[in-house]
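Novice:
Residue numbers (our numbering), protein chains in the order written: chain A, 1 to 287; chain B, 1001 to 1328.
1) Using the Cβ count rule (16 or more neighbours within 10 Å means buried), how would you classify residue 1120/B?
2) Mind checking whether residue 1234/B and residue 1098/B have CB atoms under 7 Å apart?
3) Look at the alpha carbon of residue 228/A and the alpha carbon of residue 1257/B, and state the distance between them as a whole number of angstroms.
4) So which residues of chain B does residue 199/A contact, with C-beta pairs closer than 9 Å?
5) Bridge partners for residue 137/A per DSSP, in chain order?
6) Run down chain A in chain order and give the residues with a C-beta less than 7 Å from the C-beta of residue 1261/B.
7) Can you confirm whether residue 1295/B, when its beta carbon is compared against all beta carbons of chain A, has any partner nearer than 7 Å?
8) Helix, strand or coil: which one does DSSP assign to residue 1149/B?
9) Taking beta-carbon pairs under 8 Å, can you tell me which members of the segment 1124-1154 of chain B lie near chain A?
10) Which residues in the same chain as residue 1332/B place their Cβ atom closer than 7 Å to its Cβ, once the five residues preceding and following it in sequence are excluded?
11) Of all the residues that make up the segment 1231-1261 of chain B, which are near chain A by a beta-carbon distance shorter than 8 Å?
12) Would a C-beta distance cut-off of 7 Å place residue 298/A and residue 1280/B closer than the cut-off?
13) Considering only DSSP beta bridges, list what residue 1243/B is partnered with.
14) Straight-line CA distance for residue 8/A to residue 43/A?
15) Who are the neighbours of residue 174/A on chain E, taking C-beta pairs under 9 Å?
16) Do residue 1286/B and residue 1296/B come within 7 Å of each other at the CB atom, strictly closer than that value?
17) Cα separation between residue 964/B and residue 1260/B?
18) Which first and last residues belong to the alpha helix (DSSP H) in which residue 14/A is found?
19) Within the chosen definition, does the segment 86-105 of chain A reach the segment 29-43 of chain A through at least 3 CB pairs nearer than 8 Å?
20) Between the alpha carbons of residue 49/A and residue 206/A, how many angstroms are there, rounded?
21) Please report the straight-line C-alpha distance between residue 1070/B and residue 1229/B, rounded to a whole angstrom.
22) Heavy atom of the ligand MN less than 6 Å from the Cβ of residue 1051/B, yes or no?
23) Does the segment 1029-1047 of chain B come close enough to the segment 1091-1106 of chain B that 3 or more CB-CB pairs lie under 8 Å?
24) Just verifying my parser: in three-state terms, what is the DSSP assignment at residue 1161/B?
25) Who are the near neighbours of residue 24/A in its chain, counting only those whose CB is closer than 6 Å to its CB and skipping five residues on each side?
26) Measuring CA to CA, which of 6/A, 35/A, 239/A is closest to residue 156/A?
27) Among the residues of its own chain, which have a CB less than 8 Å from the CB of residue 187/A, if the five just before and after it don't count?
28) Quick check on DSSP: helix, strand or coil for residue 187/A?
29) Counting contacts by CB-CB distance shorter than 7 Å, is residue 242/A in contact with chain B?
30) Just to confirm the assignment, what range does the alpha helix (DSSP H) spanning residue 1177/B have?
31) Would residue 118/A pass as an interface residue toward chain B - the criterion being a Cβ-Cβ separation below 7 Å?
32) Give me the Cα-Cα distance between residue 1306/B and residue 1166/B, rounded to the nearest whole angstrom.
33) Applying a beta-carbon distance threshold of less than 8 Å, which residues of chain B neighbour residue 105/A?
34) Below 8 Å, how does it come out for the segment 1054-1074 of chain B and the segment 1185-1194 of chain B: are there three or more Cβ pairs, yes or no?
35) Can you check whether the C-beta of residue 228/A is within less than 7 Å of a C-beta belonging to chain B?
36) Who are the near neighbours of residue 11/A in its chain, counting only those whose CB is closer than 6 Å to its CB and skipping five residues on each side?
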């Protein structure tokens, strides 16, 4: 019982961090269809901003997270204008290459600004504290992440499925020319959507700086995880992204608990199996 | 899905060798005499050039989007290393057997990824690469884990040339492999098979309609490419006398892709030039700071995609064309 609850809480909080970052990617990669390998870089920028504000200027945690999210979204606007706009219509390979270039530049930049060592991951006292939930004692931080993630799932679902903005965005992605013809400013819409996606990455990086520790190679280190979550969830599907991220969090936590020797290998094997089951395409053309 | 602005002028590459084509090889031989203290670095360039060449066949010609080509490089490296440690110390057969193993692996991986295209193909190759890395990481009894394979010893090449610490033999050994396999690749891409591959990359549907056996051709080039990558890995293990986990990492797959694109996709020579430039920039910048080089390479990559389509070879083409126009 205790073990199950432990895995549930830690798996869910880990999964929520994955979700918050991955859902940003679900917007840029899933909805806008740009292969954004630099997504982890935006998450790293958010995380570093938040931690720097907390340690250097002793900004309170919630304010730091909020400011870091906004900062990441703002930073992403000129990047989108100058680097991403030219590749929206290009092939996947060009998109992969340009964004990998961006990852390299961001790693060098983070190292220059914050040094090569992992950032210290001290939490404010009220998050560090534990709360007694009956079957087990849980850190406030974990509960806070789960709550924040749950709120975000609802908010994003409303924004993308139920608002004018969401409808415009989906229209612009589906038929760019037609959307422009009916008077949607597609360029500006894409910029806003990209800022939303990157801001979400920043939020996830800032909230989850103790779940995914910050270091200069962060943009590359967790990239495969975010990409796999989004591509298996089905591009641009918010609810499936949430389900997949939580599933990955739970599976990974459970695997680490029961089979510490198997490591990330088992997780990726399961993910590939799901991928093939989804596409049902493996071996198809060979018959 | 055309590569980063890859352009092909004639339908089939000229069968005869141009004078300019001798240049990279003459440079490689000149470097052997000019920089005797940099020979191990030089063999590193030659090995990565062979690896990039293998990727050029799969990606530049056939348009297979792979972010997991290190699977084959790493498997070749571990195979060669383990073979030498087990007592099979003859280098050439060792490299060939390692390449054969990678080729067999390419058949299996090919079944999984070749029917995909675009994003799913990128993601699946990437995930497979991660799996191989993690398996190698966990199978410490075979791979040595973080310590890698150490103490690899080889018989003298042809029973005559000893493997010196200065790397004379290693450099020429790597150069010979590169030249040999480059000629194979050149012949291959100048054949109707090579032309069919380009057709498949540009428009698979049309190729299918004119009766081209797409699945078979993709598999064929993927296996050739995988075996070349495996041989490159084997040479790396044999010349550095060490195999580390890094051979399987996503970094390796990404780096070789960057090298190739920097030089120019679908040109064969792009693989050679791109690798040399990448490795030299890396070497020069990494002396100052291990992270600096990432900035330089990243900026170069962004520049290639946005400004210099077709990589350095493409830039060279444009310069030559402009010169030709100015002097009628």
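The beta-carbon is built from N, C-alpha and C at its ideal position, and this holds for glycine as well.
Since this is a predicted model, take the numbers as computed values, not measurements.
Specialist: Quick answer:
1) Its Cβ being crowded by 16 or more others within 10 Å, residue 1120/B is buried.
2) A contact, by the Cβ cut-off of 7 Å.
3) In a straight line, the C-alpha of residue 228/A is about 20 Å away from that of residue 1257/B.
4) None at all; the shortest Cβ gap to chain B is about 22 Å.
5) According to DSSP, residue 137/A bridges with 132/A.
6) The answer, in chain order, is 97.
7) True, the Cβ-Cβ gap to chain A drops below 7 Å.
8) Looking at residue 1149/B - three-state DSSP - the assignment turns out to be strand.
9) Along the segment 1124-1154 of chain B, going in chain order, the ones with a CB nearer than 8 Å to a CB of chain A are 1124, 1126, 1127, 1128, 1130, 1131, 1134, 1135, 1137, 1138.
10) Given a span of 1001 to 1328 for chain B in the structure shown, any question on residue 1332/B remains unanswerable.
11) Flagged, chain order: 1250, 1251, 1254, 1257, 1258, 1261.
12) Any question about residue 298/A goes unanswered here, given that chain A covers just 1 to 287.
13) DSSP output for residue 1243/B lists 1149/B as bridge partner(s).
14) Going by the C-alpha atoms only, they are around 24 Å apart.
15) The chain inventory of the structure shown lacks chain E, comprising the protein chains A and B.
16) For the pair residue 1296/B and residue 1286/B, the CB atoms are not nearer than the 7 Å cut-off.
17) For chain B, the structure presents residues 1001 to 1328; residue 964/B sits outside this window and is missing.
18) Residue 14/A: member of the alpha helix (DSSP H) spanning 2-25, first to last residue.
19) Remark: three or more beta-carbon pairs, one from each stretch, lie closer than 8 Å, so the segment 86-105 of chain A and the segment 29-43 of chain A are flagged as touching.
20) Rounded to whole angstroms, residue 49/A and residue 206/A show a C-alpha spacing of 8 Å.
21) Distance from the CA atom of residue 1070/B to the CA atom of residue 1229/B, rounded to whole angstroms, is 8 Å.
22) The ligand MN is absent from the structure shown, which contains no ligand whatsoever.
23) No, they do not touch.
24) The answer is strand: DSSP assigns residue 1161/B an E or B state.
25) Same-chain partners within the cutoff: 197, 200, 201.
26) It is 239/A whose Cα lies nearest to the Cα of residue 156/A.
27) So the list reads 85, once near-sequence residues are dropped.
28) Residue 187/A: helix per DSSP, three-state reduction.
29) So, not an interface residue.
30) For residue 1177/B, the enclosing alpha helix (DSSP H) covers residues 1168-1189.
31) Nearest CB-CB separation between residue 118/A and chain B: not below the 7 Å threshold.
32) Distance between the alpha carbons of residue 1306/B and residue 1166/B: 41 Å.
33) Neighbours of residue 105/A on chain B, chain order: 1294, 1295, 1298, 1299, 1302.
34) Judged by Cβ distances under 8 Å, the segment 1054-1074 of chain B makes contact with the segment 1185-1194 of chain B, as three or more pairs qualify.
35) Under the 7 Å criterion on CB atoms, residue 228/A is classed as interfacial with respect to chain B.
36) If we look at residue 11/A and ignore the five residues flanking it on each side, its Cβ neighbours are 249, 250, 253.
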